[in-house]
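Residue numbers (our numbering), protein chains in the order written: chain A, 3 to 718; chain Z, -9 to 158.
Ideal Cβ placement from N, Cα and C applies to all residues, glycine included.
Below is one structure, written out as structure tokens; the observations come after it.
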């Protein structure tokens, strides 16, 4: 009796013991992006996951999880999971499908793609990856082995534009070395909600006395820790950075030696920066001039100092690349580039993670050089993108589907494709309806999957194996903690099975995931067989991390071999070589006539902690935390419009309008409203024109346009 | 001994992981949890202050819920002060909800009360409560009250000494 009571107790408490029969198996979460992908302890009983928690031995998350990872169980076992391959039977978009076998689905896909390749060339088939990102190198290789240059991804709106900007300036880039820096300039990022594994380390650094300067229009959990908060008008980052540079140069706070020896175009830059006195910068950005002086002085005189940027907030503007060039130029100007405790460059080895291990992911993925294939989608419009990014620019897909220039797009194979990501999402949805053949591979029956001719069910990270490396030098080859649910399969197994049919001559891909991973890891002497001996993962000993100041020996990997205040590449393509400041295409200053009717600045795309894009909205644990789509509006703007928290409001732009709830808060400055994206019941991106893009990167201007907000009556 | 949670205001970012970890541990439906995160906003920019408070049952030493419970379903354990509910005895009268100043009692589909039990089965197996384990910024901790008090006192002393340059 006592024994029985005790067993019930440990079962109810989910205590992993022999008696309870609950076993802990190790895996990783892949709901968000590879910068996190926390180690997971899955509590498994009778083949079912009954609880999750963070893995303590994993040095990246040290036992912790975010709210999304903690909700893993609702994600894995969700009723909307796709249960078998599906073949469309109703009209496109109707969501009417017949289940078919894997064999038949893969044969059908191969048959259609081969026919289209024969008729219109391999370039008329597009291969696209959204989330998760782990299958990217394998999809890229499949595309190129097939002969198509058109591998593209969600990175057409995320991260890559910051890479373009920093590559134009330096040729390569690295994040701040958080454990050693004494002053951290956080330029529009909220790692607490977008990169929680860093959040803890950031707070630790703060507690040991690191200074923090925060730049951004919104108040974030970082703001209360910041010594200085520069609250700029959205989209004016470039003007603020030039204003900071003005103070540094004027007051002789810059690193003269570095600038003289290692930079190109400083004189022109200096002359241009002259135009951005603190007062001018204040008039453009709204940041008080005395704070600009204070921040410039703190960042330039505290050594070493690091600059932390995020993947997108600075480049989701129609002037994004130039803004990001202006602010990353401050690193070189102050002599903090590739220095200990500054921004330290380690080349990434696998899936965006840098830890000093040498892999050959890029060689693997680029199985055929671009020179042997047709031009990429967007190559004629975004030449800088195509020089610096090894992908097609996916934002251009809807245009090319419609114009069929320079060649038609007839088929798209998508992994986690979500048309809602595109500005003017309805335009992208309509465009997808115009192509001959659409395949989408996903975990769930999404709105985009409903558009497809064939839908394939992928499984979650709990149900498959995956190679994962961490910045700390920790490596894990995960082993499935449960069998794939229903008839779902691992994304990469789907890819390699397609390769068997489409590219049998490829020496690696048709041989399967493990063969490919061994080839990629070869320079590091790691093998899958060896990693399998450590199901919980292992630290790789004696990784040789690259030295600081690599430019001293090799120069910068830019055309001039120097850090470029004036970009050789931009000059070559006929653009302004300086980090030239231009207003966002829609702003109170650039389009005052539009601003008369639409006086508020609309900014969107920042994160709530429990959602990552569209990925956790269907889970009741996370959705219930903020159940209604909402807009944040300052009390001043809400007051004059008679809006109170909880009211339904209509948000209008020249293109469209949507209804959401209002939250009146000081979190946003007067004149700015902030909407969280990806709620399934509304479509923020439909408010934005499909061509509202940065001309250099093709990135959408999600974070600065114009709108009006008015009180309305509910959702109906 | 009295066990308690500690909460470091300055380290909480309102990420709400603690809520979801509690739901996962206790198989609760969306919208129901034994831990809540309250968002606080005070003042006007630039002197506006945002903070978050993560709150569960405080396992009070003089727990009013225990005193008002008419059936004795609520009991405070002598050995560690954890307040637990015996759901077999609960009649769903909501007296405890009226008495509790912190909103700890929740009511499940069967109409009976449920609340944070400090993950007592985990504690007995040497594990930490689910909310403490998950917390990405280490804002939540737990332990005997005397120990928690010492940690807080040490942290405060350290801050004072550091600010005066008396220790590195």
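Name, going along the chain, the residues of the segment 53 to 69 of chain A whose beta-carbon falls closer than 8 Å to a beta-carbon of chain B. Among the chains of the structure shown, chain B does not appear; the protein chains present are A and Z.
Decide if residue 81(A) is buried, meaning its Cβ has at least 16 other Cβ atoms within 10 Å, or exposed. exposed
Within the continuous beta strand (DSSP E) that includes residue 480(A), where are the two ends? Where residue 480(A) is concerned, the enclosing beta strand (DSSP E) stretches over 476 to 480.
Beta carbon of residue 164(Z), beta carbon of residue 91(A): below 8 Å? No answer is possible for residue 164(Z): the residues shown for chain Z start at -9 and end at 158.
Touch test, the segment 445 to 459 of chain A against the segment 484 to 491 of chain A, Cβ-Cβ under 8 Å, three pairs minimum: yes
How about residue 129(Z) and residue -2(Z): are their beta carbons less than 8 Å apart? In contact: residue 129(Z) and residue -2(Z) (Cβ atoms closer than 8 Å).
Quick check: is the beta carbon of residue 20(Z) nearer than 8 Å to any beta carbon in chain A? yes
Residue 64(Z) (DSSP reduced to helix, strand or coil): strand
For a quick check, are the C-beta atoms of residue 45(Z) and residue 26(Z) less than 8 Å apart? Closer than 8 Å, so yes.
Run through DSSP, which three-state label would residue 200(A) get? helix
Opposing strand residues paired with residue 605(A) [DSSP bridges]: Partner(s): 676(A).
Do you know offhand how far residue 481(A)'s Cα is from residue 466(A)'s? Rounded to whole angstroms, residue 481(A) to residue 466(A) spans 6 Å at the Cα level.
Going by beta-carbon coordinates alone, are residue 664(A) and residue 619(A) separated by less than 8 Å? no
CA-CA distance, residue 145(Z) and residue 122(Z)? 19 Å
Please identify the residue among 424(A), 497(A) and 243(A) whose C-alpha is closest to the C-alpha of residue 148(A). 497(A)
Three-state secondary structure (DSSP) at residue 205(A)? helix
Same chain only: Cβ atoms within 6 Å of residue 476(A), ignoring 5 sequence neighbours per side: Hits under 6 Å: 61, 539 and 541.
Compare the Cα-Cα distances from residue 234(A) to each of 226(A), 246(A) and 351(A) and report the closest residue. 246(A)
Short CB-CB distance (under 8 Å) between residue 10(Z) and chain A: yes
Under 8 Å between the Cβ atoms of residue 695(A) and residue 604(A)? For residue 695(A) and residue 604(A), no; Cβs fall outside 8 Å.
Take residue 12(A) and list the residues in its own chain whose beta-carbon comes closer than 7 Å to its own, dropping the five residues that flank it on each side. 19, 21 and 22
Roughly how many angstroms separate the alpha carbons of residue 141(Z) and residue 42(Z), rounded to a whole number? 21 Å
Output yes or no for whether 8 Å exceeds the beta carbon distance between residue 144(A) and residue 129(A). It is a contact, given that the beta carbons lie within the stated cut-off.
Which residues in the same chain as residue 718(A) place their Cβ atom closer than 6 Å to its Cβ, once the five residues preceding and following it in sequence are excluded? Residue placement at residue 718(A) is flagged as unreliable, the pLDDT there being 49, under the threshold of 50; the coordinate-derived value follows with that caveat. Within the same chain, residue 718(A) has no close Cβ partners at all.
What is the rounded straight-line gap between the Cα of residue 120(Z) and the Cα of residue 125(A)? 51 Å
What residues of chain Z sit near residue 202(A), judged by a beta carbon separation below 7 Å? 126, 127 and 128
Would you call the segment 269 to 287 of chain A and the segment 346 to 363 of chain A touching, i.e. three or more CB-CB distances under 8 Å? no
Counting pairs of beta carbons, one from the segment 373 to 393 of chain A and one from the segment 567 to 577 of chain A, are three or more of them closer than 8 Å? yes
CB-CB length for residue 151(A) against residue 372(A), believed under 8 Å: 6 Å
Beta carbon proximity, residue 5(Z) to chain A, threshold 8 Å: Residue 5(Z) has a beta carbon lying within less than 8 Å of a beta carbon in chain A.
Completely contained alpha helix (DSSP H) runs for the segment 76 to 150 of chain A, where each covers 4 or more residues: 104 to 122 and 138 to 148
Any residues in the segment 27 to 41 of chain Z with a beta carbon nearer than 8 Å to a beta carbon of chain A? Which ones, in chain order? Within the segment 27 to 41 of chain Z, contact with chain A at the beta-carbon level (separation under 8 Å) is assigned to 31, 33, 34, 35, 36, 38, 39, 40 and 41.
Residues of chain Z with CB closer than 9 Å to the CB of residue 288(A), please, in chain order. The contacting residues do not exist; residue 288(A) stays about 12 Å from chain Z at best.
One or two residues paired with residue 46(Z) in a DSSP bridge: Partner(s): 25(Z).
Can you list the residues of chain Z that residue 14(A) reaches, using a CB-CB cut of under 8 Å? At a C-beta separation below 8 Å, residue 14(A) has these neighbours in chain Z: 111.
So does the segment 580 to 596 of chain A actually touch the segment 630 to 649 of chain A, counting three or more Cβ pairs closer than 8 Å? no
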